[in-house]
Every structure is written in C-alpha cells, then in structure tokens.
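S.K.: Just so it is clear: in the sequence shown, position 92 is 83 by our numbering, and no numbers are missing.
Built from N, CA and C at the ideal position, the CB exists for glycine as well.
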Amino acid sequence: MQTTTLASKTELAKHEAAIEALFGECFGDRLSLALWRWAYLDNPHGEPYVSLCYDADRLVAHYAMIPMPLSSAGGRLNAYLSMTTMVAASHRQHGLFVKLAEATYERARADGVDFVMGFPNEMSTPGFRKRLSWDLPPSDYVASVTKEQLLEVAQAVPLPQRTRHALNLRDPATRAWRLARPGAQYQWEDGLAYKAFGDALDLLAFDDPTQLQALPAQRKINLLLPAECTALAPFKAFDYQFGGRSLAGTFDASAIVRQMALSDVF
C-alpha cells in the first residue's frame, strides 16, 4: 500500500474519480461532485490537506480537512474543518484511519495551521477521542423551535462576541463561498443567514438577536447550540458532536461560536 499527503487543489483534482468510487463503497451513495468541488477546490481560504492510501490502483482510505478560518477581535485563526473520513471495509484492520490523520496533521502543523475541528458522527466519535486525542466537549445539539420560542430566549443564545471566534460571514469572500454550497438556496440579511429545509428553516448564522425578527414566521427553525446553552434543550431534535485538536496553535471549544455555518452539512 502507498500513502501520500496532498496540499494542492491541482494535485487533488487528479484523484476525483478514485475519491468518488471510495465514497460510494463506504457510504452506499454517490458523492455529489458539485459539493466536493465546492468544499475542496472552490474554497477561497487556501489549500486543503488530503491524505490518501492506495492499494495498487484502488483508493482504500482517505482523510481530509479544508480551510475554515475563524475570526475575532484578536485576529484570524488558521483553522481547518475535518470531513469525509473514509476507509474501505476491506482495509479497516490496518490502522489507516490513524496513520492518514496523523500524516495530515503533521503536514498542516508544519504549515502553521492552528487547529483542526469538526463534527464527527456517532460511529467515528470514539475513534477521534481515543485514537486521535481530539478534545470532545459535551455534545452540541440541534434544537427545532418556533420563531416565537426562539425570540423568547434569544438573549441566552451564544453569539459571536469580540473575544470569541466565529466564521465571519460579513467577509465578502467567505460569505460568497459558504452561501454558494450546492444543494440549497440561502438567504442573507445583514448578518442573518438561513435556508429552507423541507417545511422548516436552518439558521446558519446571526450576530445580533434583533436580526431574528427577520426570520419568516409560521415555520420551525433549526439551530445549533452548545450543551451549556440549556434554554432550548427541551426542544432538542438530535445531538451534533463538536470537537477538535490543537496543531500549531491551541484548540479551545469554549472560545468558538458554534453555528450551522461551521459545518459542511448545513
């Protein structure tokens, strides 16, 4: 088996077909190439880091992270989002998950990446905690509420503050890219970002409670919250684990504003 770590969109594009095939094998579904190209190739914030393992001509493992910088009054952090971790069923006893992840982290650390973060699913969370030493605080959750319920507790919902780090959608390049994610139509109103999700709305980001008044009425609103925000816990729809690991800098989950805009899913 042969492994390599890439930090070049041009080089990564050459592996598109192999990545698409491995995705189908691991998840039983076709990879959206439009979504993949958006995340990896169209990202305006820098090069992705992708580690690959081939067994002859067949791609059997993949670990990757894309640039997702966070901003605060103190400056901009060179953060990356971990996503699309894959190991073929035939090669899951070879330690490839850890080997590729550590190779990716080593390359990123050498290039000055502050930390990697992400939202590991229920099946992969134990591996991220035990094998990759990720810091995984009590799980975040997605709440589903009416507009009236949200407005009642809006002051208790964590917001981007000067001392906390968040994805800065007021930056034109960041906003243009994030709200161009394929598969959805996003709405932006001076700091408020959301999209339709069936009969409900996914609240991607806001930076002032007064902006919530602009949300459409008569529709449930889904929003991501940290565990310590208990005001909407009775309306929890599902858990959504967040975590990360320090690289060249320090990862501190409590200093990061978690909103749906941080995740590649929403």
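So the candidates are E7, F88, F229 and A167; which of them puts its Cα closest to the Cα of A25?
M.R.: Comparing Cα positions, the closest option is E7.
S.K.: By Cβ distance below 7 angstroms, which residues in the same chain neighbour D255 in space, the five residues on each side in sequence not counted?
M.R.: Same-chain partners within the cutoff: A30, L72 and M74.
S.K.: Using DSSP with H/G/I as helix, E/B as strand and the rest coil, what is T137?
M.R.: Here T137 sits in coil by DSSP.
S.K.: Within this structure, are the beta carbons of N261 and S62 separated by less than 9 angstroms?
M.R.: This structure cannot settle anything about residue 261, because the visible part of the chain is limited to -8 through 257.
S.K.: With DSSP as the reference, identify every bridge partner of M74, one or two as the case may be.
M.R.: In the DSSP output, where bridge partners are listed per residue, M74 has A55.
S.K.: With distances taken from CA atoms, which of T241, R236, I212 and A239 is nearest K227?
M.R.: Closest by alpha carbon: I212.
S.K.: Since Y132 and F229 should fall inside the 8 angstroms C-beta cutoff, what is the C-beta to C-beta distance between them, to a whole number of angstroms?
M.R.: Confirmed, about 7 angstroms.
S.K.: Do D162 and G182 have their beta-carbon atoms positioned less than 9 angstroms apart in this structure?
M.R.: For G182 and D162, no; Cβs fall outside 9 angstroms.
S.K.: Could you give the C-beta distance for L223 and L216, rounded to a whole number, given that I count them as a contact under 8 angstroms?
M.R.: Right, the Cβ-Cβ distance comes to about 6 angstroms (below 8 angstroms), so this counts as a contact.
S.K.: Please classify G19: is it buried, with 16 or more other beta-carbons within 10 angstroms of its beta-carbon, or exposed?
M.R.: When all chains shown are included, G19 counts as exposed.
S.K.: In terms of alpha-carbon separation, which member of G235, T95, A252 and G66 lies closest to A175?
M.R.: Selected option, being the one with the closest Cα: A252.
S.K.: How about A222: is its C-beta nearer than 9 angstroms to some C-beta of chain C?
M.R.: Here there is only one protein chain, and chain C is not present.
S.K.: Am I right that N165 and A94 are in contact with their C-beta atoms under 8 angstroms? What's the rounded C-beta distance?
M.R.: Asn is not the amino acid found at residue 165; the sequence shown has Thr there. Incorrect: roughly 28 angstroms between the Cβ atoms, too far for contact.
S.K.: Identify whether T264 lies in helix, strand or coil by the three-state DSSP scheme.
M.R.: The structure shown does not extend to residue 264, since the chain is modelled only from -8 to 257, so the question has no answer here.
S.K.: In whole angstroms, what separates the C-alpha of M(-8) from that of Y45?
M.R.: If you take the alpha carbons of M(-8) and Y45, they lie about 6 angstroms apart.
S.K.: To which residues does DSSP link Y40 through a beta bridge?
M.R.: Per DSSP, M56.
S.K.: Please classify G103: does DSSP put it in a helix, a strand, or coil?
M.R.: In this structure, G103 counts as coil in the three-state DSSP scheme.
S.K.: Under 8 angstroms Cβ to Cβ from S267, same chain only, skipping five residues before and after it: list those, please.
M.R.: What the structure shows of the chain is the stretch from -8 to 257, and residue 267 is not part of that stretch, so it cannot be assessed.
S.K.: Using the beta-carbon count (16 or more within 10 Å), is R169 buried or exposed?
M.R.: R169 comes out buried.
S.K.: Using C-beta distances below 7 angstroms, list every residue in its chain close to A239, excluding the 5 sequence neighbours before and after it, in chain order.
M.R.: Hits under 7 angstroms: R100, G103, V104 and D105.
S.K.: When DSSP labels each residue in this structure, what does L68 get in the three-state scheme?
M.R.: Three-state result, L68: strand.
S.K.: Is it a yes or a no for the region 110 to 126 touching the region 188 to 195, going by three-plus beta-carbon pairs under 8 angstroms?
M.R.: Counting Cβ pairs under 8 angstroms, fewer than three are found: no touch.
S.K.: Using CA atoms only, rank isn't needed, just tell me which of L32, A218 and L13 is closest to H128.
M.R.: Here residue 128 turns out to be Pro, not His, going by the sequence shown. Ranking the options by Cα distance to P128, first place goes to A218.
S.K.: Going by C-alpha to C-alpha distance, which of T116, A9 and W125 sits closest to A47?
M.R.: Checked all of T116, A9 and W125; the closest Cα to A47 is A9.
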